[in-house]
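Sequence order for the protein chains is A and B.
Counting from 1, position 275 in the first sequence corresponds to residue 275 in full-length UniProt numbering; the numbering is continuous, with no gaps.
Counting from 1, position 98 in the second sequence corresponds to residue 98 in full-length UniProt numbering; the numbering is continuous, with no gaps.
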Amino acid sequence: MAFSGALTLTDLNDFITPSQACIKPVEQLNKPEEILEPGAASTEIRIDSSGSYYEVAKNEPSRPSTVPQNPENKLQQAQISLNDCLACSGCITSAESVLITLQSHTEVLAFLASNPPPASAAHKVPVLSIAPQTLASLAASVSSGSRAPVAPRQILRRVAAFAREALGFERVYDTTFARHLALREHVQEYFERRDGAGQDGSGSGSGKLPMLASACPGWICYAEKAHAEMLPFIARTKSPQQVMGTLVKAWLAPKWGKRPDEVYHVAVMPCYDKKLEASRQDFYSELYATRDVDCVITTGELELLMREKGWDLSVPVEHEDEPLPLSSSSSSPSLGTPDDDAALPELLTHPGTSSGSYLHALIDAVTRAVAPEPVALSVKTVRTADYAEYALARRDTGTVVFRGATCYGFRNLQNVVRRVGREAGVRVGRGAAGRMAGARVRRRGGAAAATTGSGGGEEDRGLDYVEVMACPGGCVNGGGQLRPIAEAAQDAKDPEGFARSWADSGVHLPETNAAPAGEEGAASGDVALAPQQPASWGSKEWTKVVERSYWQDLPAWAQAEDRLAEADALAARITSEIYASQLVQASSADAPEGIQPAPFRTQYHAVESDVVGLAVKW
Amino acid sequence: MSSDLPYTIRCIATLEGHHDRAWQVAWNPAKPLLASCSADKSVRMYAYSTKPSVSAGSDDPSAVGAGRADAIALTHVSTIPTGHTKTVRSIAWAPSGRTLATGSFDANIGVWEQEEGDGDGEDGENGGGGGTREWECATLLEGHETECKGVAYSAGGELLATCSRDKTVWIWEVHPDSDFECMGVLMEHTQDVKCVAWHPSEQILASASYDDTIKLYADDPDEDWVCVQTLAGHQSTVWALAWSPCGTYLASASDDLTIKVWKRAGEHRWEGNLEIKGAHTRSIYSISWGKGKGDGGLGWLTSTGSDGKINVWDIQEPPEGSKELEHKLIASLSSSHDINDVNSVAWCARAGYEDMFATAGDDGLVKAWVVVPA
């Protein structure tokens, strides 16, 4: 098995890069100190053999031995915490390099090594949750190196076996049931917004339309830092990862007789920004001093773990072909969960997109809501598959009852932000922006109203929903996914088949070790070679392979309806149980008065842009 | 001073008004109008015309010789305060001449148009240019994270490119009614991007960066914009780019005190052709490549920078038996803005004025010049 996804800092490749303008201040401890003559350097910095830095008082002939005590002052390393990152507007999204040290596979190993045995009172139950995009990435990688294609279901069994046998996890889940809950909540929220908005037009309080997807942490972070005016539009529904977190800590843990802080929950995700999401204060329980998801590792990090432990994912494990357990109450022998009602439905399929099918869940729901009236769905792809518009129109009148879009990648995201701002009449952007464009925007608004819609014609209804994801290609192409097996050394022929000498033609091929990012460097070299292999995203072809793998192999397809119905029943039960337990908690611990937080909703926080930056003079 | 050069550079106007350093000058491609931008956050516009007294006899705006310098007059016609909260670093006219884009250190790009008609129709070709109608912000483009360093309209005016210290190059499609759609966010450079320049006839974009490289981009019809080539060779920051009017060559100016010219060798392939050394003693900040008023050839290339010197070369196709472009220094002027750095130089591209260029300096002055036979 030859993966190329070894994790280094330079592999970090979620779309939006850390900024130069990190404003984490260097802390200055203002010690009272006598003032020396101006200009005289009073201390110097010394580095000892272990690499620690010391501030050392310089020999002051004028003050011999007035400071007899230890003149060496060990300096602390500057550290940037996750909360610093979240509060800083310097980077437009996460400072991923910070996350990688705080939420990493080594952190997982360190926890597992220090976890006392189950008999001990301090023992924490280690739980692993795996995203379906992660399974697809692993499956595509394993399949590409073997004759027989391997399905995500088999990968789940194999990873579960690895997690239990090699790492000591006690429970392994995939996150599709959590996604099922998220989709239900999402649909409910959409109707709340739509009906609330319809009543008084302003939709004040209850949120606005269009509703924008909330599952992509890269998008959330970008919106919080750069487009606070978009926040009211973003669904408050938690992402599947955080729904899973709630499930594990607030529903499963009590079933096991554990408190939330007695469970250690690790999620495997296709995306580095999921680490940031898990670290949000909103998902931290003050009461139990624990996070809903304690640690997030990426697909690449999981693969690295397996390699470090010498686990070969291409080798089948027992029971991996057995049908998925149908009932949530039946035990799940293949996953080795011995009891009980702590099993969750596995690998639920939600037809639509490989980024979670948020839009399609809404299309389904709206179709059902309009029910006896037949509706027709039309799809229009604009330029690339990364932006597609869906319109649901009544067959009889042609009236559009729902207009949605899928929008992947930073470029398309920009246009959605502009469009939503325009359609909803919200001022887009920061600072002086509005002041400058004010007059003209107002005038154009009037013109647009007259002609109904900027594009004219049948665009009489603005967008109702947008499935926004920051990565081109969506979540199967997340920054934490495995890269295709390194293409054979760079093609030395040009597209017409002629050999080339790059140095002669002035092309700079990055040196292997000086390249900004190992493979990335190679990839950008490839760009120069062959325009048909664009971008540093690994090849588009590979994303398609992962996409196919994602939808592959659904032996239980015939039962899908049953399984979804069953999942729905369980979801309803869980929701009410969590509500009930929250009430108990709230009354026992003096929780903030009043409103119960909805268990599967969250909130967003605009980050004020206070970056002054250095005075740039060139 | 090399007095043996065939041409001299004569100042025809010294335009005051900016109260901080002037960053860039741009000639309107359709109207007799010059724009300049400054750290004072304003854009100033100047109309120019051939003085009747001088041209009356010949009715020829291209009168030559020393008289030429007196033949053209520039006058300030309007100022846009812009509303940018920081330095306006860069300006670019759309080919129609009706729209001006401003790139600012406040990370935003302003798109400016003149208030529409008060019934007076289009201004005449020579009718005092800008007129008095107010320029207003039609759109503000946001997206850059930090200082915008460059803006440029494509030859057909369909696309606007912007670049920034945030290392990115953005491509916007111009839609009707001052609307813009983002077509690409190119994150190819590893440092500050100093400048963007469109090919004079095709949709090919070049960018220059503090990472010492030049990158070229093209639209992949099925995909997004992609980088098709990286040109390395400069030893330091590449400050400026200029395409030859014919589009076969791309000139680059750098902090390494050289100007390089790259020749197109394939649809999306360029290779080094010429290096000009020793022309400047300090950073070369700006170059411009105009048609010039020489005898055919590839036009006139001019450069300026921190040393305050202006150089003008006549560029000809390689002579028989050589692959390298022929370049001949035809005019040179030191201390063009006294002791100050000169940040921008730009040839006027309008017919009859190919011998005229403008400069912008750290002294806040904008100057207009003509190149006349010595």
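Ideal Cβ placement from N, Cα and C applies to all residues, glycine included.
Keep in mind it's a predicted model, so treat the numbers as computed, not measured.
query                                                                                                                                                                                            : result
If I measure Cβ to Cβ from F177 (chain A) and keep anything under 7 Å in the same chain, skipping five residues before and after, which residues do I get?                                       : L344, P345, L348, A567
Identify every run of the alpha helix (DSSP H) within the stretch 213 to 270 of chain A, keeping only runs that are complete inside it and at least 4 residues long; order them along the chain. : 217 to 226, 240 to 246
Can you tell me where the beta strand (DSSP E) holding R548 (chain A) begins and where it ends?                                                                                                  : Here R548 (chain A) belongs to no beta strand (DSSP E); instead the alpha helix (DSSP H) covers 540 to 551.
Which of helix, strand or coil does DSSP assign to F105 (chain B)?                                                                                                                               : coil
Below 7 Å on C-beta distance, what does V169 (chain B) contact in chain A?                                                                                                                       : Correct list: empty, because the minimum Cβ distance to chain A is about 12 Å.
Between the stretch 392 to 417 of chain A and chain B, which residues of the former have CB atoms less than 7 Å from a CB of the latter, in chain order?                                         : F410, R411, Q414, N415
To the nearest angstrom, how far is the alpha carbon of K277 (chain B) from that of E277 (chain A)?                                                                                              : 53 Å
What does the alpha-carbon distance come out to for the pair A163 (chain A) and D174 (chain A)?                                                                                                  : 13 Å
So, is A208 (chain B) buried or exposed, given that buried needs 16 or more other C-beta atoms within 10 angstroms?                                                                              : buried
Considering only the alpha carbon of each residue, which of B:I310, B:G156, B:H234, B:A253 lies closest to E202 (chain B)?                                                                       : B:G156
Please decide whether V185 (chain B) counts as near chain A, where near means a Cβ-Cβ distance under 7 Å.                                                                                        : yes
Please identify the residue among B:K194, B:D255, B:L301, B:R44 whose C-alpha is closest to the C-alpha of L365 (chain B).                                                                       : B:R44
Any C-beta of chain A sitting closer than 7 Å to the C-beta of C182 (chain B)?                                                                                                                   : yes
What did DSSP end up calling M187 (chain B) once you bin it into helix, strand or coil?                                                                                                          : coil
With distances taken between CB atoms, is the gap from C295 (chain A) to V420 (chain A) smaller than 7 Å?                                                                                        : no
Excluding five sequence neighbours on each side, which residues of the same chain lie with their C-beta closer than 6 Å to the C-beta of L128 (chain A)?                                         : A163, F169, V172, V266
Give me the DSSP bridge partner(s) of D338 (chain B).                                                                                                                                            : B:S336
Can you tell me whether P351 (chain A) is helix, strand or coil according to DSSP?                                                                                                               : coil
Any residues in the stretch 358 to 386 of chain A with a beta carbon nearer than 7 Å to a beta carbon of chain B? Which ones, in chain order?                                                    : T384
Where T258 (chain B) and A240 (chain B) are concerned, what is the direct C-alpha to C-alpha distance, given to the nearest angstrom?                                                            : 11 Å
Buried or exposed for E224 (chain A), please, with buried defined as at least 16 other CB atoms from any protein chain shown within 10 angstroms of its CB.                                      : buried
Does the CB of G143 (chain B) have a neighbour CB from chain A at under 7 Å?                                                                                                                     : yes
With a cut-off of 8 Å on the beta carbons, I'd call F600 (chain A) and K309 (chain A) a contact; round off their distance for me.                                                                : In fact, because the Cβ distance is near 35 Å, the residues do not count as touching under 8 Å.
Measure how close the beta-carbons of Y465 (chain A) and A136 (chain A) come, nearest whole angstrom, since I'm counting them as under 8 Å.                                                      : About 24 Å separates the two Cβ atoms, so there is no contact after all.
Can you check the stretch 353 to 433 of chain A for any beta strand (DSSP E) of at least 3 residues that lies completely inside it and give the ranges in chain order?                           : 375 to 381, 387 to 394, 400 to 408
Where does E324 (chain B) fall in DSSP's three states?                                                                                                                                           : coil
Drop a sphere of 10 angstroms on the beta-carbon of Y579 (chain A), count the other beta-carbons inside from all chains shown, and report buried for 16 or more, exposed for fewer.              : exposed
Measuring alpha carbon to alpha carbon, tell me which residue in B:C163, B:W225, B:P319 is nearest D106 (chain B).                                                                               : B:C163
With distances taken from CA atoms, which of B:G352, B:L250, B:T87 is nearest H19 (chain B)?                                                                                                     : B:T87
Beta carbon of C148 (chain B), beta carbon of S104 (chain B): below 7 Å?                                                                                                                         : yes
I need the DSSP call for residue 432 (chain B), collapsed to helix, strand or coil.                                                                                                              : The structure shown has nothing for residue 432 (chain B), since chain B only spans 1 to 374.
Return the CA-CA distance between T246 (chain A) and D292 (chain A), expressed in angstroms with no decimal places.                                                                              : 6 Å
Does the count of Cβ pairs from the stretch 144 to 152 of chain A and the stretch 184 to 193 of chain A closer than 8 Å reach three?                                                             : no
Within its chain, find whatever has a CB closer than 6 Å to the CB of M356 (chain B); leave out the 5 residues flanking it on each side and keep chain order.                                    : C348, V370
Counting along the chain, where does the beta strand (DSSP E) carrying G150 (chain B) start and finish?                                                                                          : 148 to 153
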